[in-house]
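Notes follow the structure.
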Amino acid sequence: MAYNRCIGTRYCANNCPVKVRRFNYFNYNAEVGVGYGVEAFPSAIEKANRKLQALVLNPEVTVRGRGVMEKCTYCVQRVEKAKIHARKEGRKIEDGDVITACQAACSTNAIDFGNISDEESVVAKKHADTRAYGMLEQLNIKPRTMYLARVRNPHPRLKTTQQIEDLATIEAHHGHGGHGEGDGHDEHAADAHGEAAHNDSAHSDEHHGEEQHAE
Amino acid sequence: MSLAIPNGLDNTVERPGERAPLVLGNTNYHDITESVCQVAERKPSAGWVGGFLVAFALLQMLGLLIVYLIYTGVGVWGNRAPIFWGWPIVNFVFWVGIGHAGTLISAILYLFRQEWRTSINRAAEAMTIFAVACAGTFPGIHVGRAWLAFWLAPYPSLNLWMWPQFRSPLLWDVFAVSTYGTVSLLFWYMGMVPDLATFRDRSKNKYRRMIYGLLCLGWSGSSRHWMRYEKAYAILAALAAPLVLSVHTIVSFDFAVSQVPGWHTTIFPPYFVAGAIFSGFAMVLTLMIPARSMLNLEKLITIRHLENMCKIILATGSLVGLAYGTEFFIAWYGQVPAEQFAFINRAFGPYWWAYWTMVSCNVISPQLFWFKKCRTTPWIIVVVCIFVNIGMWFERFVITITSLSRDYLPSAWAYFSPTWVDWGMLIGSFGLFFTLFLLFCRTLPVINMAEVKSSLAKQHHMAHAAAEHGEAEH
Amino acid sequence: MSDTNSEKIVHGMMAEFTTVDTLLSACRRIRDAGYTKTDAYTPFPVHGIDKALGIKPTILPWICFFAGLTGTCIALTMEIWMNGVDYKYIISGKPFISLPAFIPVAFELTILLASFGAFFGMWALNGLPRFSNPMFTDPRFDRATDDRFFLYIDAKDERYDAAGVRSLLTDTGSDYVSEVLEDNTPKEIPRPIFVIWGVAVAASVIPLLCVLLMRVTNSSQPRFHIFMDMDFSPAKDAQQVTSLFADNRAMRPDVPGTVARGQLIGSLDVMTGIDVDSLQAMNAPQAQRLVAAFMQDDQAAIADEVTDVAKAEDDKETPSVMDTTPWVTENPMTVDSELMARGQQQFGIYCSVCHGMDGKGNGLVNQRAQEKGFDTWVPPSNMHQDTLYSDKYPDGKLFSTISNGIRKMPGYAGQIKVEDRWAIVAYVRALQKSQNATMDLIPEGRKEEVKSAVDAAQKELQRQADEAAKAAAAREQK
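Protein sequences, first through last, are from chains W, E and F. First residue of the first sequence: 1349, per this note's numbering; consecutive thereafter. First residue of the second sequence: 2, per this note's numbering; consecutive thereafter. First residue of the third sequence: 399, per this note's numbering; consecutive thereafter.
Structure, rendered in C-alpha cells:
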C-alpha cells in the first residue's frame, strides 16, 4: 500500500477475494492530532493530545489519515530493518531475521515468515510441502501467504478413493513446481504424503490453532 | 396555409400508406412558437413555485450532507467491510442509467429518422444532462479523499511524479462519464441554439434579449448556417450514438472486470445498456406526462409519442428480464460454485426482497404495455414508469450490494444497512435533478421548435401531395 | 424607410415570405437570374434550399474526421507513454502496453475531440458567434425565428441594382421587400452590465485575497493553512514537548522492564553488583524491593535501594562487608587485554578528571578545587588506600559505587554502559595492583626492561627532589 497515493476508491477492497483490506472511514487518528480543516491547528492538536492516554501509533510506518485503504504490511518496518542489517553484513536475509508482530505474538508458533525466493528458507520449504495451499488459489491470485492443511493421518487402508486421487493430483502438482528441493526434503515430503490429507473444503471449519501459516 | 387536422384525432391508429400526424390540432408555425415559448414567458404557476421550493430545499440538504460527509469521512454512509461500495454507487449507476434516454432519443432515433423524437428530445436531453450531473456527484464524493479526486486526471504532477493507471476500469469510467457529459451538453446546447434565437427575438426586455442573444451566438437562421448546422448535428448524433452505448458498457466494466462473483459476468455490458435505456425512457415518461398537461403541450407531445416510448420500454424491459434469466442460466451452466451461490443468494438470500422487487417492477410491470389500452392511458403509463424507476434502482442495489455482502469467504460476510445520510443523499439527488429540471422548464425551450416546425412542414407537404393525388384520382 | 436613411450603408435587399413553397420558388428565380451572393433566413432548416440557392457542401465532416483522429492519437500516445514508458507499474496481470485496456479511453477521446470538431467547426465555418448582424436591424426580421422566411440578396453581388432587385423580389410574390441597412443603434454595452461584471470579478478575487492575506499576515492569529497536514506533521521530533505525558517529553524512555537489544549482559547480579540470591536469603524484603526497582527501570529507586544496602553496612561496623551485603566478589566479565583497554579508556574519560590518571585522587578537577579552596569540596578517594582493595571493597561494591555514586560522587549508571563499568572495575584493580607490585610479578623476559624503567624513574624523582631541595635552600639564603 502506498498510503499517500491512495484516494480511497475502495475498488481494491471490493476485488480482494480474501477481504483482507480495511478502510479508514473516519479520521481515527484525530485524537493524536492528524486533523483536517480547522482541526489541524497546533492548539487543536495539543488539545487532542491531552485526551489521549497512550501513544498508539507505530512511528515506523507512515501515518494514515482518513480516506485511505489499509492493509497488513507484513510488518514492513521490520522487513526493512532486517534488509538493512543483511545488506550491511553483505548477506541475504536468513530465517529469523524478520519476526513479524503476529508471529511474535502467536503462542502456538503457527506462523512462519521469511524469504520465499530463498529455497533453503523455512517458508520456502513449507510452501513446497504437499500440505501447503493458498486461500482461494483457484482464482489465480497467487497468494504469498500459504496455509498448511490439517494433518488427518488416516490409516492408508482406510483412505477413500477420493482422498487417494486428490493426494495424487496434489503430489503431481507440487512435483512440477520446479523448486529443486534436495533429496532430504523429498524424503520428508514423501513421509508427509503418507499422513497429510489435503482437505480444502473442510478448512474454514477447522480450528485455527491446528493450522500453520507460512508467509 | 394550415391544413386542418382535427383536434383530438387519434394519431395512434396505423393507416397503411400514411404517416401518422405528429402535430395535432389546427397548428401552424406560429402556434408552435407560442405554445413552447409561453411555458417560459408566462408567470410561474403556484405548482411550479411549490415544486421548485421543495426541490431546492432538498438540493440544499444534499449540499449540507456533502459538506458533512467531506468534513467527517465517508464512514457516515452505511458502507462497511465487505460492502465497500454501497448506496452512493447504486445512486451513481442509477442516475447514469437515467441519463441514457436523452442522448439515445436524440441521437439514435435521429439517425433512424424517427420523426416522433422531435417533440420529446429536448426535454429528454436536458434530463440526460441533469441526470449525469446527479451521477457525477456521487463518484466524486465517494472516494475517501474527495479533495484529491483530481489525481485521476492525467496531468503532469510535480508532487506525485506518476501517472494514472489506464488499465483500470475506474479510469475508463472517469473518461467515459466525463466525455458523455461533455458531448451530451454540446449536443443539447447545439440543438437549442436556433430555439434560443427564437427566445431572443421574442423577448421584450433588453437584458433578456441580451442574455438569450449571447446564448444563441447571434444565430440568424441563414440557410448556409442551417446547412452546416444540420451536418454538424448529424455528425454529433452519429458520434453520440456509439458513445451512449459505450458509457454504460464502461460503467458495467467497473463491475464486470472485477473478481467478485455476481459481478464478473460478460453479459453485463448489453444488460446494463438495455437497463439504462429502459430506466431512461421510464424517467422521460414520468416527467413528460405531467409536464405536457401542466404546460399545455398535448398537441405537440401526443399520445402517439407516449405509445412509441411505451413500446421501447416493453422491449427493453423484456431484454432486461432475459438478462436476469441468462445470468442464472450461465451461473448454472458455468458450474462455478461461487458464481452459483451468488445468484442463489440474490434470489433467496437475505436480500430476497430487493431481488423480487426488482423482478416484479422491471420484468412484470412493463408487460402491461402489451395492451394498447395501457400504452395510451397516461396515468397507467406514469404508474408503470414509476415502478420501473424503483425497479431499476433496486437492480443496481441488488448487483452492487448483494454481490459484495456475500462473496468468497463466509467469514467476511455482512449485511448492509443504510444510514440516514444514505437516505438523505438519495433524496437530495432528486432535489438536484428536479431543481435543474424545473429551472430548465422556465428558462429554456422545452421543445425543439425548429425541428417540430420542420416536421410540420413535412406533414403539410405530404398532406398536400396526398390531396393532389386524391384529386387526380377523382 | 430606405429613402429617409439614404446616408446609411446599404448591405442588400431582403424579402419576406410566409410559406416554404413561395420561398423555394423565389430562390430558384433569383438563382436563375444569376445572383450568387444570396441567402435565405428560415426558422427551421428548409430541405432543398441549398440546391435552390446553389450552396456548396461543407467541409465539416473532414474537420470532424481529423479531430477524431487526433483524439485517438493523443489518447494512445498518452496511455502508451504514461503507462508503458514513463511510469511502469505492474498491475492486474496486464502488460505495460496493453492495447485492449487502452481502447476505452482512446474511444472516448476520439468521440470527444470529434464532437469538439463538429461543434466548434460549425461555429468557425458559420462565423459564430456573431452578435451584430445588419439583418437584425429590421424589427420584422424577428419573425425569421418564428414563422417567416426571408430571402436576401447582398449589395456586393455583381448584378445588384436596388430597383431591379426590388422589382424582382416583389415579382416573386413577397409582401414585404426592404433594404438591409447598417445598424446604427448605440453600440455601448449598458452600464449595469459593467457594474455586474466588475462586482463579480471583484467578488471572485476576495477569497483569493483572503487566502493570500492569511498566508502572509503578521498578526498573532495563526496563519491560514491551505494544506493542513503538510504544514503540521503529526509526528514529533526529538527533544520536542508534548502534553501527552506527565513529563512532557515527546521522546519516550523504554517501557519499564524492557531491555534494549544487546543490553542484556547477564543476570541481575551483573546489573547491580549484588549477589541477589544471597541477598534474598539474608534480607528478603530488600531484595524484592531491589528487583522491583529494576523492573520499573527507575534509576532513582535503584540508587536508593543500593544506598540503603550500603548504609546498613556502615551502621553495623561488622568486620566484613560481606556479612551485611552479599556483594559480587568476582568481575563477571572475561578479564582480558581487550577489557583492560576498554576499562583504561573509560577510566580516562569518566574517572580520571577527579581521581587522576593514576587513581591517587588528584585529578584536574581536584587540583583546581584545591587551588581555589572551595570549602564544600570533598576530595576524591585515593584508590590506593587498602580499604578500597578487593578484600575489603569487593568488585561488586566498587561497581555499585560507580553506578550509584557515593558521597559527593554522582552515579554513572546513566552514562557508562554496564560492561564498561565492569571494565573500569577491572582496570581499577589493575591500577591498584600496579602501585604495589613487586618485581616477582613481572614476567621473566621483561624484568630487565621494567627494572631499568623503574630505576630511571626513581633517579628522575631523586633528581627532582634534589633540585627542589636546592631551590628551597637558595630561597632560604635569599
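From the three backbone atoms N, C-alpha and C, an ideal C-beta is built for every residue, glycine too. Please read all numbers here as calculations on a predicted model, not as lab measurements.
1) Quick one: which chain W residues come within Cβ less than 9 Å of valine 94 of chain E?
2) From the DSSP output, in three-state form, read off phenylalanine 442 of chain F for me.
3) Is the CB of glutamate 506 of chain F under 8 Å away from at least one CB in chain E?
4) Per the contact definition of three or more C-beta pairs closer than 8 Å, is the stretch 58 to 78 of chain E in contact with the stretch 373 to 382 of chain E?
5) Going by the DSSP bridge assignment, what does threonine 732 of chain F pair with across the sheet?
6) Have a look at histidine 462 of chain E and serine 456 of chain E and give me their C-alpha separation to the nearest angstrom.
7) Would you please state the rounded distance, in angstroms, between the beta carbons of glutamate 1418 of chain W and arginine 1358 of chain W? I believe it to be under 8 Å.
8) Residues of chain W with CB under 8 Å from aspartate 408 of chain E, in chain order?
9) So what's histidine 1503 of chain W in DSSP terms, helix, strand or just coil?
10) Considering only residues of the same chain and omitting the five flanking positions on each side of glycine 137 of chain E, which have a CB-CB separation below 7 Å?
11) What residues of chain B sit near leucine 1487 of chain W, judged by a beta carbon separation below 9 Å?
12) Helix, strand or coil for proline 243 of chain E per DSSP?
13) Chain W beta carbons: is any one of them nearer than 8 Å to that of arginine 146 of chain E?
14) Whole angstroms is fine: what's the gap from valine 1380 of chain W's alpha carbon to glycine 809 of chain F's?
15) Quick test of your reading: isoleucine 402 of chain E and glycine 87 of chain E, contact by CB under 8 Å. State the CB separation rounded to the nearest angstrom.
16) Which residues does DSSP pair with lysine 492 of chain F in a beta bridge?
17) Pick from E:Cys386, E:Leu307 and E:Lys300: whose alpha carbon is nearest that of methionine 284 of chain E?
18) For the 8 Å Cβ check, are there 3 or more pairs between the stretch 427 to 441 of chain F and the stretch 580 to 599 of chain F?
19) Quick check on proline 502 of chain F - is its C-beta less than 8 Å from some C-beta in chain E?
20) Can you tell which of F:Glu577, F:Val603, F:Thr543 and F:Arg564 has the C-alpha that lies nearest to the C-alpha of proline 195 of chain E?
21) Quick check: aspartate 437 of chain F and arginine 225 of chain E, are their CB atoms within less than 8 Å of each other?
22) Under 8 Å, do isoleucine 130 of chain E and isoleucine 67 of chain E count as touching if we go by C-beta distance?
23) Using only the alpha-carbon positions, how far apart do isoleucine 331 of chain E and glycine 98 of chain E sit?
24) Going by beta carbon distance, what residues of the same chain come within less than 6 Å of isoleucine 840 of chain F, once the five residues before and after it are set aside?
25) Where does the unbroken alpha helix (DSSP H) through aspartate 562 of chain F begin, and where does it stop?
26) Heavy atom of the ligand GTP less than 7 Å from the Cβ of aspartate 864 of chain F, yes or no?
27) Using 8 Å as the limit for Cβ to Cβ distance, is valine 1416 of chain W near chain E?
28) Quick check: the Cα distance between threonine 34 of chain E and threonine 475 of chain F, rounded to an integer number of angstroms?
29) Could you round the C-beta distance between glycine 759 of chain F and serine 779 of chain F to whole angstroms and report it? I think they count as a contact, below 8 Å.
30) At a CB-CB cut-off below 8 Å, which residues of chain F make contact with valine 184 of chain E?
31) Starting from isoleucine 302 of chain E, trace the beta strand (DSSP E) in both directions and tell me its first and last residue.
32) Grouping DSSP H, G and I as helix and E and B as strand, with all else coil, what is leucine 1403 of chain W?
33) How should glycine 1444 of chain W be labelled, buried or exposed, when 16 other C-beta atoms within 10 angstroms of its C-beta is the threshold for buried?
34) Helix or strand or just coil, what does DSSP make of valine 1380 of chain W?
35) From the beta carbon of threonine 1421 of chain W, is the nearest beta carbon of chain E less than 8 Å away?
36) Roughly how many angstroms lie between the CA atoms of glutamine 833 of chain F and glutamine 783 of chain F, to the nearest whole one?
A quick look at the data gives this:
1) Neighbours of valine 94 of chain E on chain W: none; closest Cβ ~14 Å, over 9 Å.
2) coil
3) yes
4) no
5) Beta-bridge pairing links threonine 732 of chain F to no other residue.
6) 10 Å
7) About 11 Å; that fails the 8 Å criterion.
8) Pro1365 and Lys1367
9) coil
10) Val178 and Gly182
11) Reference to chain B is not applicable here, since the protein chains of this structure are W, E and F.
12) helix
13) yes
14) Caution applies to valine 1380 of chain W, whose pLDDT of 49 falls short of 50 and renders its modelled position unreliable; the value that the coordinates give is listed next. Roughly 37 Å between the two C-alpha positions.
15) 7 Å
16) F:Ile489
17) E:Cys386
18) no
19) yes
20) F:Thr543
21) yes
22) no
23) 24 Å
24) Val848
25) For the record, residue 562 of chain F in the displayed sequence is glycine; it is not aspartate. Taken as a continuous stretch (DSSP letters only), the alpha helix (DSSP H) holding glycine 562 of chain F covers 560 to 569.
26) This structure simply doesn't include the ligand GTP, nor any ligand for that matter.
27) yes
28) 49 Å
29) 6 Å
30) Ile509, Leu510 and Ser513
31) That residue, isoleucine 302 of chain E, is in no beta strand (DSSP E); it is neither H nor E in DSSP.
32) Because the pLDDT at leucine 1403 of chain W is just 44, under 50, the model does not fix this residue reliably, and the point stays unresolved.
33) exposed
34) Caution is warranted here: a pLDDT of 49 is assigned to valine 1380 of chain W, below 50, making its placement in the model unreliable, and the coordinate value is therefore given only provisionally. In the structure shown, valine 1380 of chain W sits in a helix (DSSP, three-state: H, G or I).
35) no
36) 11 Å
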